[in-house]
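Chains as they are written, first to last, in the numbering used here: chain A, 1268 to 1594; chain B, 315 to 604; chain C, 365 to 706. Ideal placement from N, C-alpha and C gives every residue a C-beta, glycine not left out. These notes are about the structure you will find just below.
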Amino acid sequence: MRMPAGGSAAIRRLAQMVSVVVGIAVVNFFLLHLAPGDAAQVLAGEAGSATPEYIAALRAQFGLDQPLGVQFAKYLAKVLTLDLGFSVRQGLPVAQLILDRLGPTLLLMGASLGFAVLAGGALGFVAARHAGRPLDTAISALALLFYATPVFWIGVMLIVVFSVWLDWLPVGGMAEIGTGRTGLAHLGDVLRHLVLPALTLALYYLAIYTRLTRAAMLEAYGQDYVRTAVAKGVRPRRIAYRHVLRNALLPVVTQLGLQLGAILGGAVLVETVFAWPGLGRLAFEALFQRDLNLLLGILLCSSVVVVLANLAVDLLYAVLDPRTARA
Amino acid sequence: MTGTLTISAARPRPAGLVARLIRRPSAVVGLALLGLVAGAGLAAPVLYPGDPLDMIGAPLQWPGMDPAFPLGTDMLGRDIAAGITHGARISLMIGAVATLVALVIGVGIGAGAGYYGGRVEAALMRLTELFQTIPPFLFTLAIVAVLQPSIPTIVLAIGLTGWPGLARLVRAEVLRLRDGELVQASIVIGASDARIIGLHILPNVLAPVVVSASILVANAILTESSLAFLGLGDPNVVSWGGMVGAGREVIRTDWFVAAAPGLAIVAAVLALNLLGDGLNDALDLKRALR
Amino acid sequence: MSAETRTGAPVLEVDDLRISFRERAAERAAVHGLGFSVEAGETLAIVGESGCGKSLTAFALLGLLPGNARASGRVRLEGRDILGLEGEAMRRLRGTRIAMIFQEPMTALNPVLTIGAQIVEAIREHEAVSAADARTRTLSLLARVRIPDPERRFGEYPHRLSGGMRQRVVIAMALACAPAVLVADEPTTALDVTVQAEILDLIDDLRRETGMAVVLITHDLGLVAEHADRVLVMYAGRAVEAGSAAALFAAPRHPYTRALVAARPRPGSALRQRLVEIPGQVPPLGAMPPGCAFAPRCPAAEAPCRETPPPLQSVGTAAERVACLRWKDLRAPDQSPVRLGA
């Protein structure tokens, strides 16, 4: 029976997700026990907000007096049933905290990646078609500059220029507080707040996609089927789009999958700089409140997001490349 | 047209390599810039003896206001120029050592997986996949948070999260070489595994690894400065990222406090990337054999 | 649609074609003053070993030379000078008046487009036809190149086809607009022997049907014997002998041609007989000897041969030419003539 390309990819990714979850559970568990001090104390955060009774309860709950293997089994069981524990600092279950903040982060990531791929692809396309000439050099140099500039610094500098000097865009946050806007007005407000953070996060990946598209297109131009198309008398513009770009997209899409983990890391920095209420900022808060349980829960969830996003990329690739359909 | 049969994977000789490297303007710029940064770092204790974190001047002086402080002072009266030059030492050192850690792990795992194949390879690749799926920066954050920020923990955290890409690369190269004629011939004549790996495979893997190393150091510097920005740097040393983070507070009026160290980061990372690109072209075997 | 010229003039005429490369500030000549012509309905085979410049010549005909190559001389297609044509002017001719098929069918087709789409493209880039008409024409083209079940194949991607099938598709694309000349650069070298014969027979049949001229580039003398009307033998960028295929095999004149013909293993010859070799190698581009390029390997070479390259001269009938100073003095070949068209 022939399985469509999407089907086998989905199964593979689901298996990967299970092994990733187990793997991270191991890593988390390991980190928890590496932290100085008693694990229960670590879980409860620093003394002050946790009573001795609470810590004792935690110990019992996690079976910290029991052998490590049993502890791990319990932890794993909890993770697999989506019980990521409780955040003492915030007073809410970890899972709920994460869910609340997931939306804004996905919005930020989506906007950034979308912009980075489209603009980067366009720039790379132009650079490839003018390869070796001044426009190409300029674009490549610009890409290199964006690639070398730290995300947090760009964010800070963009705030200086656009918020402080020009006062065109807001300094931070996702929407203006207390104005009670709804519907389209609210959407417009969110979008206004989205511009700078999305742009900041996008510039690094824009550089990557520019370089990648350019390289992929130059490689495609050297292929035999392009020579066949020229020999057929196909117009240069059509060759660029229908033959070269179409094939150059494939390695770009592959790279897309690999960048997803990195972009989540960038989100931490951008959300911190712009006070964007997403997972990244939550991770930062967890960090400073020594709320390890929350931090590790975020680690787990973001990894799952990466696997799911990779699955989406696989499906996209299967659509683009007819060779991936296998019996 | 007949050619001679080559059984060794040809490597460009070192003399030719340097010549080829110099021919590319981008690589030259990269080397020069890197030299500048490294030089500043080396000269730091001479140019600015003492602790750069000492508050020695009036706070928030603009660059050029006081000739003693060419880049101005921050909100606590610390010399920014001193901070940047000392920061160069720290960043380059952390970048280099962390990359070394990543190299050891990555090359070890990649070579092991590629050479031995079978279950060893499957297990190692699973591990690599896991480390690649966990968002690297978050992972680094968690490790540093758990182990408390200090230079050794930062180095370890960056090294532990930076190796997967390298492992994949090394594995691919090793697979390519393993199935090649040179290694097959060595196996046939009974050379030991260690000898084959050490003498034949690793030297030929060197080229892509060296290119990767340059990029890895650049990324390590970016990661280290990001950690410092978030307040997770070693509190006892000055760091470019930390300086930018501190400068955020006065961004509205004294933006130079955050701007200057950021430019230093750009310079260092740019230099390493240019160098990496240059090395990539210079070590490109296809071109070398023309 | 026939491609015969009324006047009987050759469809393709090449005169004093020179191709050189610029490599690291040095100019290297690869083809030196090549000249030949092809009539409608006939197959001219250009034969030579790797590196003799035959593929470069083919690329020059379609304006496909790489950026660092320079071509000079005259190439006349249906009476029109095309060597200096650039851009849009040349593009209009490609596929419509002159077409080319290449050596490697496995990589000649775009992997992300269906073969039907690629043939339709060959039509619609030059002619204003509706998609439906183009599809109909494509289906008949696929049938003409003997691809079974054209309807199904139309929507398939190249990776589902074998090498031989892909080459048929490439031929279909080349013939889509009924060109006057088809240049085939080693079209079967990468294919199995049985498939080779099928493809070349197909090209012969199509040539007879359409009256187009075929320039067949090859290194395989066997193919030349079976499918060529006339032959041009190249060595180190120069033509060394030209003439009808029959005459060439019956009585080769140039020492190189004689050696090539003699080197072919013949069925029926004694098993223990040593294969005839041509000792030595083709001189590399930068190290051409001053005189005849073949002189270092030639058993008949003498002093005058090493001074200047011998010109291509007519001998016997007008169409037969040899570039050798000593061909008359060579003994008649003692091998039995090769049987053609078996």
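Environment of arginine 509/B [buried if 16+ CB atoms lie within 10 Å]: exposed
Leucine 1595/A in three-state terms, based on DSSP: Examination of residue 1595/A is not possible in this model, given that chain A is present from 1268 through 1594 alone.
7 Å Cβ cutoff, valine 1586/A in contact with chain C: no
Best match in Pro1518/A, Gln1283/A, Gly1564/A for proximity to threonine 1232/A [C-alpha to C-alpha]: Because chain A spans 1268 through 1594 in this model, residue 1232/A falls outside it and cannot be assessed.
Chain-order list of residues whose beta-carbon lies under 7 Å from that of leucine 345/B (same chain, five-residue window excluded): The beta carbon of leucine 345/B lies closer than 7 Å to those of Leu589 in the same chain, with the five residues before and after it left out.
Cβ-Cβ separation, glutamate 684/C to glycine 607/C (assumed contact under 8 Å), whole Å: 4 Å
Own chain, CB closer than 7 Å to glycine 443/C, minus 5 neighbours either side, in chain order: Ala373
Secondary structure of glutamate 485/C, DSSP reduced to three states: helix
Of the listed residues Ile468/B, Gly422/B, Ala456/B, Asn518/B, nearest to arginine 482/B (C-alpha basis): Arginine 482/B has its Cα closest to that of Gly422/B, out of Ile468/B, Gly422/B, Ala456/B, Asn518/B.
Residue burial classification, glutamine 498/B (beta-carbon count within 10 angstroms, cutoff 16): Its Cβ having fewer than 16 others within 10 Å, glutamine 498/B is exposed.
For methionine 598/C, the residue or residues it bridges with in DSSP: Ala603/C
Beta-bridge partners of serine 414/C, as assigned by DSSP: Bridge partners of serine 414/C: none, in fact.
For isoleucine 581/C, the three-state DSSP class (helix, strand or coil): In the three-state DSSP reduction, isoleucine 581/C falls in the strand class (E or B).
Cβ neighbour criterion (16 or more within 10 Å) applied to phenylalanine 1297/A: exposed
Chain C contacts made by the segment 1496 to 1508 of chain A, where a contact means CB separation under 9 Å: Ala1496, Val1497, Ala1498, Lys1499, Gly1500, Val1501, Arg1502, Pro1503, Arg1505
Identity of the residues DSSP links to glutamine 677/C by a beta bridge: Val686/C
Three CB pairs or more closer than 8 Å across the segment 443 to 463 of chain B and the segment 1558 to 1575 of chain A: yes
Aspartate 565/C, DSSP secondary structure in three states: Correct three-state label for aspartate 565/C: helix.
Check whether arginine 461/C and leucine 441/C have beta carbons under 7 Å apart: yes
Paired residues, beta bridge with leucine 408/C - DSSP: Val579/C, Arg594/C
Cutoff 6 Å; reference leucine 546/B; Cβ partners in own chain excluding five residues on either side: Setting aside the 5 residues that flank it on each side, leucine 546/B is surrounded in the same chain by Val458, Pro463, each with a C-beta closer than 6 Å to its C-beta; the list follows chain order.
Inter-stretch contact at 8 Å, needing at least 3 Cβ pairs: the segment 401 to 411 of chain C / the segment 374 to 393 of chain C: yes
Between the CA atoms of valine 557/C and leucine 587/C - distance to the nearest angstrom: Rounded to the nearest angstrom, the two C-alpha atoms are 11 Å apart.
Residues, ordered as in the chain, of the segment 1458 to 1471 of chain A that lie near chain B by beta-carbon distance below 7 Å: none
Residues of the segment 483 to 516 of chain C with Cβ closer than 8 Å to any Cβ of chain A, in chain order: Glu485, Ala486, Glu489, His490
Phenylalanine 1392/A versus Leu1380/A, Thr1480/A, Gly1447/A, Gly1358/A, residue with shortest Cα-Cα distance: Thr1480/A
Local conformation of glycine 1399/A per DSSP, three classes: coil
Own chain, CB closer than 6 Å to alanine 1487/A, minus 5 neighbours either side, in chain order: Val1511, Asn1514, Ala1515
Straight-line Cα distance separating arginine 1400/A from threonine 621/C: Distance between the alpha carbons of threonine 621/C and arginine 1400/A: 47 Å.
Cα-Cα separation, alanine 492/C to alanine 542/C: 15 Å
Partners in chain C for glutamine 1490/A, counting only beta-carbon separations shorter than 8 Å: Thr471
Within chain A, the residues that arginine 670/C reaches when beta carbons sit closer than 8 Å: The premise fails here: arginine 670/C is roughly 39 Å from chain A at the closest Cβ pair, so nothing lies under 8 Å.
Integer Cβ distance of isoleucine 511/C from glutamate 550/C, believed to fall under 8 Å: Contact flag wrong, Cβ pair sits at about 21 Å.
Inter-residue spacing [alpha-carbon to alpha-carbon] between alanine 358/C and glycine 427/C: Nothing about residue 358/C can be reported from this structure: the residues present for chain C run from 365 to 706 only.
Presumed contact (8 Å Cβ cut-off) between leucine 438/B and alanine 427/B, rounded CB distance: 4 Å
Short CB-CB distance (under 7 Å) between proline 466/B and chain A: no
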